[in-house]
Amino acid sequence: MDQALFQFLLRMGDNTLILGHRVSEWCGHSPVLEEDIALANTALDLIGQTQMWLGLAAEVQGEGADADKLAFLRDAWDFRNVLLVEMPNGDFGQTLMRQFLFDAWHSIMLGRLMTSSNEQIAAIAAKASKEVTYHLERSADTVVGLGDGTEESHARMQAALDYLWPYVGEMFVSDDVDAAMVAAGIAPDPKALREEYDALIGRVLADATLTIPDSKFGHTGGRDGRMHTEHLGHLLTQMQWLQRAYPGATW
Amino acid sequence: MSISNSQPSETQIWEWLDAVPDPEIPVISVVDLGIVRQVSWKDDALHVAVTPTYSGCPATSIIEIDIETALRDHGIEKITFERRIAPAWTTDWLTDKGRAKLEDYGIAPPQAAGGPTHCPQCKSTRVTKVSQFGSTPCKAHWRCEDCLEPFDYFKCI
Numbered sequence: 033m034d035q036a037l038f039q040f041l042l043r044m045g046d047n048t049l050i051l052g053h054r055v056s057e058w059c060g061h062s063p064v065l066e067e068d069i070a071l072a073n074t075a076l077d078l079i080g081q082t083q084m085w086l087g088l089a090a091e092v093q094g095e096g097a098d099a100d101k102l103a104f105l106r107d108a109w110d111f112r113n114v115l116l117v118e119m120p121n122g123d124f125g126q127t128l129m130r131q132f133l134f135d136a137w138h139s140i141m142l143g144r145l146m147t148s149s150n151e152q153i154a155a156i157a158a159k160a161s162k163e164v165t166y167h168l169e170r171s172a173d174t175v176v177g178l179g180d181g182t183e184e185s186h187a188r189m190q191a192a193l194d195y196l197w198p199y200v201g202e203m204f205v206s207d208d209v210d211a212a213m214v215a216a217g218i219a220p221d222p223k224a225l226r227e228e229y230d231a232l233i234g235r236v237l238a239d240a241t242l243t244i245p246d247s248k249f250g251h252t253g254g255r256d257g258r259m260h261t262e263h264l265g266h267l268l269t270q271m272q273w274l275q276r277a278y279p280g281a282t283w
Numbered sequence: 003m004s005i006s007n008s009q010p011s012e013t014q015i016w017e018w019l020d021a022v023p024d025p026e027i028p029v030i031s032v033v034d035l036g037i038v039r040q041v042s043w044k045d046d047a048l049h050v051a052v053t054p055t056y057s058g059c060p061a062t063s064i065i066e067i068d069i070e071t072a073l074r075d076h077g078i079e080k081i082t083f084e085r086r087i088a089p090a091w092t093t094d095w096l097t098d099k100g101r102a103k104l105e106d107y108g109i110a111p112p113q114a115a116g117g118p119t120h121c122p123q124c125k126s127t128r129v130t131k132v133s134q135f136g137s138t139p140c141k142a143h144w145r146c147e148d149c150l151e152p153f154d155y156f157k158c159i
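Residue numbers (our numbering), protein chains in the order written: chain A, 33 to 283; chain B, 3 to 159.
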């Protein structure tokens, strides 16, 4: 098995899986119907992308697993998503801030992966990129609308940005898996995406009249599985409950 | 009797598939939607390639079942399905017939400009976006400023 490629695919698929699940927690609870539908649609896209990423990961692993087995039968320490996506939803503003901070990275990353030397990865990226363009358009618009909104909404968006900012840096940390992907022409070096990311979020957050925190400190441990936050385990107990209680259940 | 004599032509199969409705927008067919990318015989098995509209669209597996059912009703026994993701589906593949049917049904067809040209109900050009997302992954939610009716817009991707 190509261990580095497997790890890379888990990182892509676990990001979309965990964020997709988090966003789906809003279904039926959003402030207005249109936002409920938008969040559910976003979650659906992310889960669909997960099926492609984890499906390919299972193929590379070559142990007879599939996307469902990888999603429902691994425990917290085997997940490779960045910590940002497992952060709790908080209020609606925090959910949209988390979405925006991720969408901005996601859109840039998928753009690069469209020219991957691996044809399957390039195809998944091309498909996902179309969907993520819509995600970013909406999350950026909403961050501006709420940030540059009322005193209350502005304060909540600034609090959300302050809370989530220490989780942004992990998306741009490079390790041995990334070095192997760069060498094979499969994926870009995460560090190389930072400049474009900072420019993109800088523009939007300025429009939103929000202040990016000064701190360079960043939590890590998600994408290498070294240490997830306490929130991931709680999420998995919900997401995996059915397959754990009734192994192999189908409908 | 040779197998080839009993095989319906690919043109015939395209016609049959053009009678299979999209499960969520039944006014257009799966062929109108542009998701059937290839129909070809390989020996005695029919190969059908389908490209999903959106990666998480729950209609994709229903569509495969509907296509299989229709083809079996026409006597085709061996069918192999391929879910083809590249090139990615684009609304450019919607047929002209499909676009006209969407409009008649009250769904504004996709436009390269990124929004509907007019209200599919009263034809007014004064329209406003409510949300980039609508009742299904492929649609956005718009409203007419003249007749005040909400309507679906088929997103251009």
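The beta-carbon is built from N, C-alpha and C at its ideal position, and this holds for glycine as well.
Please name the residue in T62(B), S57(B) and P152(B) whose C-alpha comes closest to that of V164(A). Minimum Cα-Cα distance from V164(A) among the listed residues T62(B), S57(B) and P152(B) corresponds to S57(B).
I81(B) and P25(B) closer than 8 Å at C-beta: No, the pair does not count as a contact, with Cβ atoms beyond the cut-off.
Nonlocal neighbours in the same chain, by C-beta distance under 7 Å from G94(A), ignoring five residues either side: Around G94(A): M33.
Determine the chain B residues that contact D77(A) at a beta-carbon separation under 7 Å, and present them in chain order. Identification of chain B residues near D77(A) by a Cβ-Cβ cut-off of 7 Å yields Y56, S57, G58 and P139, ordered along the chain.
Segment contact, 8 Å Cβ cut-off, at least three pairs: the segment 99-111 of chain B with the segment 122-141 of chain B: Yes: the two stretches touch, three or more of their Cβ pairs being nearer than 8 Å.
List the residues of chain B whose Cβ lies closer than 9 Å to the Cβ of N47(A), in chain order. The contacting residues do not exist; N47(A) stays about 14 Å from chain B at best.
I want to verify the contact list: residues of chain B whose CB lies under 9 Å from the CB of M84(A), in sequence order. Listed along chain B, the residues sitting closer than 9 Å to M84(A) by beta-carbon distance are S57 and I87.
Who are the neighbours of Q81(A) on chain B, taking C-beta pairs under 9 Å? Those within 9 Å of Q81(A) in chain B are S57 and G58.
Three-pair Cβ contact test at 8 Å for the segment 149-157 of chain A versus the segment 189-208 of chain A: Contact fails: fewer than three Cβ-Cβ distances are below 8 Å.
Within the continuous alpha helix (DSSP H) that includes E91(A), where are the two ends? Counted as a single uninterrupted DSSP element, the alpha helix (DSSP H) harbouring E91(A) occupies residues L65 to Q93.
Could you name the residues of the segment 168-199 of chain A whose beta carbon sits closer than 7 Å to any beta carbon of chain B, in the order they occur along the chain? Here the close residues are E169 and R170.
Quick one: what does DSSP say R145(B) is sitting in, helix, strand or coil? In the structure shown, the three-state DSSP call for R145(B) is strand.
Which of the three DSSP states, helix, strand or coil, is assigned to T147(A)? Coil.
Output needed for S137(B): all residues of its chain with C-beta closer than 6 Å, excluding positions within five of it in sequence on either side, in chain order. For S137(B), where only same-chain residues beyond five positions count, there are no Cβ hits under 6 Å.
Within chain A, partners of G176(B) - CB distance below 9 Å: Summary: the structure shown does not reach residue 176(B), with chain B confined to residues 3 through 159, and so no result is reported for it.
For chain B, check one thing: does any of its Cβ atoms lie closer than 8 Å to the Cβ of K101(A)? Not one chain B Cβ lies under 8 Å of K101(A).
Alpha carbon to alpha carbon, how far is M84(A) from A75(A)? When rounded, the distance between both Cα atoms is 15 Å.
Kindly indicate the opening and closing residues of the beta strand (DSSP E) around E84(B). In the DSSP assignment, E84(B) falls within the unbroken beta strand (DSSP E) covering I81 to R85.
Who are the Cβ neighbours of H53(A) in its own chain at under 7 Å, not counting the five residues just before and after it? Same-chain partners within the cutoff: L267 and M271.
Spatial neighbours of D135(A) within its chain, please: C-beta separation below 6 Å, excluding the five flanking residues on both sides. Within the same chain, D135(A) has close Cβ partners H167, L168 and S171.
Any beta-carbon of chain B closer than 8 Å to the one on E66(A)? By this cut-off, E66(A) is an interface position.
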